[in-house]
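Student: Residue numbers for the sequence shown follow this note's numbering, beginning at -4 and rising by one.
Backbone N, C-alpha and C define an ideal beta-carbon position, used for all residues, glycine too.
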Amino acid sequence: MGMDKWTLWHVGISVKNMDQAVSYFKSLGGTTDENPGRVLDSANFKEYTSYGKTNTPPWKIKIKMLNLGPLTIEMTEPVEGDNWNGIWMAEHGEGVNHIAFQVDELEKEVDELIAKGVPAMYHVKGTYAYMDARKVGGLVFELFQRRTRPPGPPPQGGAAPPQGR
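(1) Is the CB-CB distance between LEU23 and ILE58 below 8 Å?
(2) Assign GLN97 to one of two classes, buried (16 or more other C-beta atoms within 10 Å of its C-beta) or exposed (fewer than that).
(3) Span of the alpha helix (DSSP H) holding ASN80?
(4) CA-CA distance, LYS11 and ALA85?
(5) Within its chain, find whatever has a CB closer than 6 Å to the CB of LEU61; leave out the 5 residues flanking it on each side and keep chain order.
(6) Is the beta carbon of MET126 closer than 8 Å to that of VAL135?
(7) Buried or exposed, going by whether 16 or more other CB atoms sit within 10 Å of the CB of TRP4?
(8) Quick one: what does DSSP say ASN39 is sitting in, helix, strand or coil?
(9) For ASN78, which residues from the same chain have a beta carbon less than 6 Å from its beta carbon, with the 5 sequence-adjacent residues on both sides left out?
(10) Based on DSSP bridge pairs, tell me the residues matched to THR67.
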């Protein structure tokens, strides 16, 4: 375990209008598939917590992946409810809100960071966790459980996580 085993996956940015953002970044040379993205709904997560609490208000966000050169961008647009992206935009406006990494043992990494005083802002067991390291440097990072997938185009919804090592 440890950060030396993390793999950069994407940089997350919050946007007010997904269609405008996709159009703009494509005009700059960014590439993406033609599907409209997907909507994440907190009601679909079985083991979801926010700062350790399980009874949190529901939320929805739109997500679309786009590649800018070698970097994958995850664009997020708040749809409804009180979610990390909506809170970020209310405080900071559009822009970069997190850096995401793939990890081999998500739950161990999350537990280790919590023990070091870094709370899990949002955590879906076995899938991903947003870790709140803003105390110094303002950084929020997402840890995503590494998965492998068969060769071929990414699944519907945008770019898939890179294949495992």
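Tutor: Checking against the coordinates, here is how it stands:
(1) In this structure, ILE58 does not lie closer than 8 Å to LEU23 by Cβ.
(2) buried
(3) 79 to 87
(4) 11 Å
(5) PHE20, GLY25, THR27, ILE68
(6) Judged by their CB atoms, VAL135 and MET126 are nearer to each other than the 8 Å cut-off.
(7) Buried, by the Cβ-count rule.
(8) helix
(9) TRP54, ILE56
(10) ASN62
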